[in-house]
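Q: Residue numbers (our numbering): 734 to 939.
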């Protein structure tokens, strides 16, 4: 009988110890500080790819409220922001300028539990742009079959001048030519125009 009682006491004591350990572990996780764990690439990186994503990993899941986690980029550039649990990802909408220093400022950083931390400043410098798109742009202007292609760096726009009639045929030639050079005519900014002497000869305006 005594032996059974001793075994029961030991078992209960062991159970209490295990439950206490679990409680302490859960409390530790609950009270974990909300902070930035790491970035990719690391802060002050150089030779960063012009199309590279920038990721920020935090210790707790982030809020997805519009008023939280505000991103500012200098020089002004458009990044697509995505939040997945503890990771905030910034992906440039178009390739960044090569050999350029960028500063990303993230303010009003907030977790899903409304915890906040100080604003973050992240600085990196891009390397040389070796993408096919950039190589093609650097090769402009180009003369094609019934069209002429230029590029406006200030507005990031391809300018296509249609030089022959019928307008639609040579516009399609230009579209095919751009696509064959890895320029997506469905997503790029492209301005089509015709030579003055074509107006009044079946070419649509603009």
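Even for Gly, the Cβ is constructed at its ideal location relative to N, Cα and C. Keep in mind it's a predicted model, so treat the numbers as computed, not measured.
(1) Pick helix, strand or coil for residue 905, following the three-state DSSP scheme.
(2) Under 8 Å, with one C-beta from each stretch per pair, do the stretch 820-833 and the stretch 783-796 reach the 3-pair mark?
(3) If I measure Cβ to Cβ from residue 869 and keep anything under 6 Å in the same chain, skipping five residues before and after, which residues do I get?
(4) Rank 927, 898, 766, 894 by C-alpha distance to the C-alpha of residue 953 and give the top, closest one.
(5) Taking the continuous beta strand (DSSP E) assigned at residue 767, which residues delimit it?
(6) Please go through the same chain and pick out, in chain order, the residues whose beta-carbon is closer than 8 Å to the beta-carbon of residue 987, but skip the five residues on each side of it.
(7) Would DSSP call residue 882 helix, strand or coil?
(8) The alpha helix (DSSP H) spanning residue 871 covers which residue range?
(9) Report all residues from its chain with a CB closer than 7 Å to the CB of residue 794; omit the five preceding and five following residues, and keep chain order.
(10) Three or more C-beta pairs under 8 Å: does that hold for the stretch 768-785 against the stretch 801-816?
(11) With distance defined between alpha-carbon atoms, name the residue in 852, 778, 830, 857 nearest to residue 838.
(12) Whole angstroms is fine: what's the gap from residue 766's alpha carbon to residue 796's?
(13) Which same chain residues, not among the five before or five after residue 897, have their C-beta less than 7 Å away from its C-beta?
(14) Determine the extent of the beta strand (DSSP E) in which residue 821 is found, giving its start and end residues.
(15) For residue 847, tell me which candidate among 831, 928, 768, 927 has the shortest Cα-Cα distance.
A: In terms of the structure at hand:
(1) By one-based count along the chain shown, residue 905 stands at place 172. Residue state, collapsed to three classes: helix.
(2) Yes, the stretch 820-833 is in contact with the stretch 783-796.
(3) Locating residue 869 in the chain shown gives position 136, where the first residue counts as 1. Excluding residues within five positions, the ones whose Cβ falls inside 6 Å are 914.
(4) Within the shown structure, residues of the chain are numbered from 734 to 939, placing residue 953 beyond reach of any answer.
(5) Along the chain shown, read from residue 1 onward, the residue named residue 767 stands at position 34. In the DSSP annotation of this structure, residue 767 is not part of any beta strand (DSSP E), being labelled neither H nor E.
(6) Outside the modelled stretch of the chain, which goes from 734 to 939, sits residue 987, for which no answer is possible.
(7) The sequence position of residue 882 within the chain shown is 149, counting from 1. Strand, per DSSP.
(8) Counting from one through the chain shown, the residue named residue 871 turns up at place 138. 865-872 is the extent of the alpha helix (DSSP H) around residue 871.
(9) In the chain shown, residue 794 corresponds to position 61, counting from 1. Contacts found: 818, 819, 844, 845.
(10) Touching, no.
(11) On the chain shown, position 105 is the one that residue 838 refers to. When only C-alpha atoms are compared, the closest one is 852.
(12) The residue you call residue 766 lines up with position 33 of the chain shown. The residue you call residue 796 lines up with position 63 of the chain shown. If I take the Cα positions, the gap works out to 15 Å.
(13) Taking the first residue of the chain shown as position 1, residue 897 is located at position 164. Cβ neighbours of residue 897 beyond the five flanking positions: 879, 903.
(14) As a first step, residue 821 is located in the chain shown; it is residue number 88 there, counting from the start. Looking at the DSSP string, the run of the beta strand (DSSP E) that includes residue 821 is 820-825.
(15) As a working note, residue 847 is residue 114 in the chain shown. Cα-wise, what sits closest to residue 847 is 768.
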